[in-house]
Amino acid sequence: MADPLALLLDPLHYQFMARGLVMAALIGAAGGLVGTVLVLRRMALVADSFGHALLPGIGLAWLVGGPSTAAMLVGAGVAGLLTALVSGLASRLTRLSEDTAFGVFFVIFMAAGVGILSRTAAPVDLLHLLFGDILAVTRGDLMLSAGVFTATVLALAVGWRWLALECFDRGFFRAAGGPSLPTHLAILTLTVLNLVSALQAVGIVLCLAVFILPAATAYLWCERFGAMLFLSAGLGVLGGVGGMYLGYHLSLPSGPAIAGTLGCLFLLSALLSPRHGLLGHLLRGHQHLDETGGRDCALPPPPATPSAQG
Amino acid sequence: MTGGTLAFADVTVCYRRLPAIHHVTCALPLDGLVAVVGPNGAGKSTLLKALLGFLPLTTGSITLDGAPLAACAGRFAYLAQADASAAGFPITVEEVVAQGRYQRLGAFRGFAAADRAAVEQAIAELSLEPLRRRPFAQLSGGQRQRTLLARAVATGADIFLLDEPLTGLDAPSQHDLLARLAGWRGQRRLVLAVLHDLVAARRWCARALVLDRHLVACGEAATALAPAVLAEAFGRALPTAEEAHG
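So the sequence lines, in the order shown, correspond to chains L and C. Just so it is clear: in the first sequence, position 157 is 157 by the working numbering, and no numbers are missing. Each position in the second sequence, counted from 1, maps to that position plus 1000 in the working numbering.
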């Protein structure tokens, strides 16, 4: 067995690994935070289609501005807002539901994106966009991700009450005169920002893993919104950094290693969580919640005599 | 008379240019439980949404003590139709009730003594003390409605708009909720509740507002819910409670 300290420190001798680790921690933490809101707002798959819909924006930005992070951010932001706008309009003005509308435009935007990227003269690596390369992140990418992480933390610190109300009970939030629409737009904006931040590292296909897996895992353990936010961010960091080490030592690509680590944490939780896990369900068996105390009580025996006639 | 009225003057609200309710004129004193009754599509929810400012008025005006609704934001509290989608949100009963204070506090201000007192009072009033640390997701339908009503009380509102508050509740929970609401009489709280159970409406409500896209009747429950009035609203004679129960 190798020296555990060496296992931890060895990779740090390489600048690309050190940068990758910082990147993984940043997008893991920020992704865990935004993911919590997306999971509780039931927008997990909307976020996924969002990620794909950013592609044409990034492609066009690449055509115009080259592979610069700033151009990508602008392109992705424009594409993201456009998707939100047309999908929102389609779901309000037609009989399409919100998820169908997002599905429709995600496919159209994705097709346009692949088309644009295939026509670029520059040697654009589509695979790179789809799957990312966390070992190739630049200083600029790190700065962007640090900025997005800071913005995410600030937005949650300022707006957590509104976010909680928007996710929990929109009708009440609106009726009380709360800023429901701005809150919804803020969620979409944070989603776009975090997608762009995670894009370089884990790519469009796997970035959902950084959003959804830590939040879904935390959801299995927490009964409070605040606790879920912290646990989800912590799990994001653990999965990101753990996945990087795993990838390094087992010679696996980093993106799948991160998603795989987060996936394992989720599966373990789904098995072991005392309240919501499979094992807990099996152990509790036929127990019911009693009306007021919430304590488990055994199933009462069947009535002694079947109901008498007359 | 407790003074103060909620007055509708020639109110018309349209969805996509089709009037959902039209030319509604009536006045309600700001006290007691009022049943909002009518067939499906009669505009009952529309009336509540217009009161909340969710829908613009095509004609007419709604005033509260003579002031336009826009100036009365904090006085309304809304309980939407039971919606299971929020039930999975990780939050305790106590925290749900505390949400009633969020709009007053904004983003930054912490809970002051007055806010904590309002939350405690609402918890006590709705008998939620034994449940206060329970996750909202684990509550029964009746307990959930009670929690959401406590949150509405904690806002400090004096006009409560309840859209089909009995849906999904078992008979004892329905009874409990209506008894509590009817018990507010004399506390200067107006409750407008969309109800489908006409027997319960007759039994518990002080007044009734009967809609069939226009106002059919508005007044004391006994007269507004008379068989002839309901037959007009529903387009057919309805069996009375005695007939229904044989």
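In this text, a Cβ means the ideal position worked out from N, Cα and C, and glycines have one as well.
Near chain C, meaning a CB-to-CB distance below 9 Å, the residues of the segment 158-177 of chain L are Val-158, Gly-159, Trp-160, Arg-161, Trp-162, Ala-164, Leu-165, Cys-167, Phe-168, Asp-169, Arg-170, Gly-171, Phe-172, Phe-173, Arg-174, Ala-175, Ala-176 and Gly-177. For Glu-1094(C), same chain residues with a beta-carbon under 6 Å away, outside a window of 5 residues either side, are Arg-1132 in chain order. Contact check for Ala-146(L) against Leu-26(L) passes: the beta carbons are separated by less than 8 Å.
In the displayed model, Ile-1091(C) falls within coil according to three-state DSSP, outside both helix and strand.
With a threshold of 8 Å between beta carbons, Ala-1150(C) makes no contact with chain L. Close partners of Met-228(L) in chain C (Cβ separation under 8 Å): Pro-1090.
Close partners of Thr-1155(C) in chain L (Cβ separation under 8 Å): Ala-176.
In the structure shown, Ser-1061(C) falls within a strand segment according to DSSP collapsed to helix, strand and coil. Taking the Cα of Leu-1198(C) as reference, the smallest distance to any Cα among Val-1036(C), Leu-1177(C) and Pro-1029(C) is reached at Val-1036(C). Taking 8 Å as the threshold, the shortest C-beta distance from Phe-225(L) to chain C falls below it. Within a 10 Å sphere around the beta-carbon of Pro-1165(C) sit 16 or more other beta-carbons, which makes this residue buried. Within the same chain, Cβ atoms closer than 6 Å to the Cβ of Leu-73(L) are found at Val-196, the five residues on either side in sequence being excluded. Residue Thr-150(L) holds the alpha-carbon nearest to the alpha-carbon of Leu-190(L) among Ser-118(L), Thr-150(L), Met-110(L) and Gly-171(L). Proximity of Leu-40(L) to chain C, defined by a Cβ-Cβ separation below 8 Å, is satisfied. CA-to-CA, the gap between Ala-175(L) and Leu-1057(C) works out to about 16 Å. Taken in chain order, the complete alpha helix (DSSP H) segments of 4 residues or longer contained in the segment 1143-1213 of chain C are 1171-1182 and 1198-1204.
Here Asn-194(L) is buried: its Cβ has 16 or more other Cβ atoms, across all protein chains shown, within 10 Å. When the Cα atoms are used, Leu-246(L) and Pro-274(L) turn out to be separated by approximately 28 Å. Annotation for Thr-1012(C): the continuous beta strand (DSSP E) segment containing it runs 1005-1015. Neighbours of Leu-1052(C) in chain L, taken as residues at a C-beta separation under 8 Å, are given in chain order as Arg-174 and Ala-175. Between the beta-carbon of Gly-1074(C) and that of Gly-1004(C) there is about 15 Å, and that puts the pair past the 8 Å contact cut. According to the DSSP assignment, Glu-1220(C) belongs to the beta strand (DSSP E) that extends over 1215-1220. Bridge partners of Ile-1021(C) according to DSSP: Val-1013(C). Cβ proximity to chain C below 8 Å picks out Tyr-219, Cys-222 and Glu-223 from the segment 191-223 of chain L. For Val-39(L), the uninterrupted alpha helix (DSSP H) segment begins and ends at 15-40. With contacts defined as CB atoms closer than 8 Å, Leu-33(L) and Leu-229(L) qualify as a contacting pair. Nearest neighbour of Val-210(L) by Cα position, chosen from Leu-5(L), Tyr-14(L), Gly-66(L) and Met-23(L), turns out to be Met-23(L).
In the displayed model, Cys-167(L) falls within a helix according to three-state DSSP.
By the rule that beta-carbons nearer than 8 Å mark a contact, Ala-1071(C) does not touch chain L.
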